[in-house]
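All residue numbers for the sequence shown refer to UniProt numbering, where the first residue is 1 and numbers rise by one. In this text, a Cβ means the ideal position worked out from N, Cα and C, and glycines have one as well.
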Amino acid sequence: MSTLLISDLHLHPGAPAITEGFLAWLEERAVHAEALYILGDFFEAWIGDDLLDLGAADPTGTAALAARIAEALKRRSQAGTAIYLMHGNRDFLLGERFAEAAGATLLADPSVVTLGDERVLLMHGDSLCTLDEAYMAFRTQARDPQWQAQILAMPIPDRLALARQLRDQSGEANSNKAEDIMDVTPEEVVEALREHGVATMIHGHTHRPAVHDLDLDGTPARRYVLGDWQPERGWEIEIVAGQPPVLRDFPLKG
1 MSTLLISDLH LHPGAPAITE GFLAWLEERA VHAEALYILG DFFEAWIGDD
51 LLDLGAADPT GTAALAARIA EALKRRSQAG TAIYLMHGNR DFLLGERFAE
101 AAGATLLADP SVVTLGDERV LLMHGDSLCT LDEAYMAFRT QARDPQWQAQ
151 ILAMPIPDRL ALARQLRDQS GEANSNKAED IMDVTPEEVV EALREHGVAT
201 MIHGHTHRPA VHDLDLDGTP ARRYVLGDWQ PERGWEIEIV AGQPPVLRDF
251 PLKG
């Protein structure tokens, strides 16, 4: 048995190939896993769990998509795979209702978990991008419970409009930022590993899949970065006890 980790699927109705690919992967690959960790940005946008009430009346189609995804995850959970969901910067309003529908457990960002025979620091990864001061200010606001309560109190059409606005603003802002600003700050990586007393970190967010060897106060350490899913391929990390994590990409099957 193994543990699988994925991140940054950005599921939305406009990318059906990724949805179909994920559902196929869930049945073909995750069926063999004892645990599945989804490290944020599972959905391209999430305006609140009450979106599920709209069903077919949701003009964006996200409610129907989310119900289908939740049902598939619930089947996998009931079959014996423990499923964990972490918030990302796109779906930070995912709540307990969706988690329950999916048979999943919400996981704090960051979290230290034992995978295989090693303690590993799991993160979405956006909190490491401290050079992007404008984004970090938004992140602080978006994680504030009072701000979230205000957003969730808005009528659903207003929240849908806000989600579109935030996506547009993010895309425009990112197009004008230097590449290094949108990547992790190396000093933050080392500090996070030191703070949590671990030598291995796994995260997503940056869409820059790689394995980085590090020096942590004279001790070897390693940072694994998951890739974002595209219509033609996905990314996963597999962990088996007694072996180092393996980062791999694979073709998606519809």
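> Taking the alpha helix (DSSP H) that I18 falls in, what are its first and last residues?
Replying inline: Unbroken alpha helix (DSSP H) run through I18: P16 to E28.
> Closest by CA to R208, which one among L93, L193 and W229?
Replying inline: Out of L93, L193 and W229, W229 has the C-alpha closest to the C-alpha of R208.
> Which term fits V211, buried or exposed, when burial requires 16 or more other beta carbons within 10 angstroms of its beta carbon?
Replying inline: V211 comes out exposed.
>> Contact defined as beta carbons within less than 8 angstroms: I believe residue 272 pairs with V240. What is the distance between those atoms, to the nearest angstrom?
In response: With the chain covering only 1 through 254, there is no way to say anything about residue 272.
>> Given a cut-off of 8 angstroms on the beta-carbon distance, is the pair L73 and A104 in contact?
In response: Contact annotation: L73 and A104 have beta-carbon atoms nearer than 8 angstroms.
> In or out: residue 270 buried (at least 16 other Cβ within 10 Å) or exposed?
Replying inline: For the chain, the structure presents residues 1 to 254; residue 270 sits outside this window and is missing.
>> As a quick exercise: from R233, G125, Q141 and D168, pick the residue whose alpha carbon is nearest that of D183.
In response: Scanning R233, G125, Q141 and D168 for the CA closest to the CA of D183 turns up G125.
> Which term fits A99, buried or exposed, when burial requires 16 or more other beta carbons within 10 angstroms of its beta carbon?
Replying inline: That one is buried.
>> Quick check on the burial criterion: 16 or more other C-beta atoms within 10 angstroms. Buried or exposed for H32?
In response: Here H32 is exposed, its C-beta having fewer than 16 other C-beta atoms within 10 Å.
> What first and last residue would you give for the alpha helix (DSSP H) that runs through E187?
Replying inline: Segment P186 to H196, the alpha helix (DSSP H) holding E187.
> Grouping DSSP H, G and I as helix and E and B as strand, with all else coil, what is S175?
Replying inline: With a pLDDT of 49 at S175, under the threshold of 50, the modelled position of this residue cannot be trusted, and the question is left open.
> Near A67, what residues of its chain come up, given a Cβ to Cβ distance below 8 angstroms and the 5 sequence neighbours on each side ignored?
Replying inline: Around A67: L52, G55 and A101.
>> Suppose you measure from the CA of D217 to the CA of I237; what does that come to, to the nearest Å?
In response: Using only the alpha carbons, I get a separation of about 26 angstroms.
> Looking at the structure shown, is T62 part of a helix, part of a strand, or coil, going by DSSP?
Replying inline: In the structure shown, T62 sits in a helix (DSSP, three-state: H, G or I).
>> Within the continuous alpha helix (DSSP H) that includes F98, where are the two ends?
In response: Start and end: E96 to A101.
> Identify the residues that DSSP records as bridge partners of L166: which are they?
Replying inline: Bridge partners of L166: none, in fact.
> Which whole-angstrom value is the C-beta distance of T185 and C129, which I expect to be below 8 angstroms?
Replying inline: About 7 angstroms separates the two Cβ atoms, so the contact holds.
> Contact check, P13 vs T81 under 8 angstroms by CB: the rounded distance?
Replying inline: Contact doesn't hold; Cβ gap of about 26 angstroms is too wide.
> Taking DSSP as the reference, what is the three-state secondary structure of E133?
Replying inline: Helix, per DSSP.
> Around the Cβ of L160, are there at least 16 other Cβ atoms within 10 angstroms (buried) or fewer (exposed)?
Replying inline: Counting Cβ neighbours within 10 Å, L160 comes out buried, since at least 16 surround it.
>> Is there a Cβ of chain D sitting closer than 8 angstroms to that of T206, yes or no?
In response: Structure shown: chain D not included; a single protein chain is present.
> Does the Cβ of residue 255 have 16 or more other Cβ atoms within 10 Å, making it buried, or fewer, making it exposed?
Replying inline: Since the first residue of the chain shown is 1 and the last is 254, residue 255 is not available in this structure.
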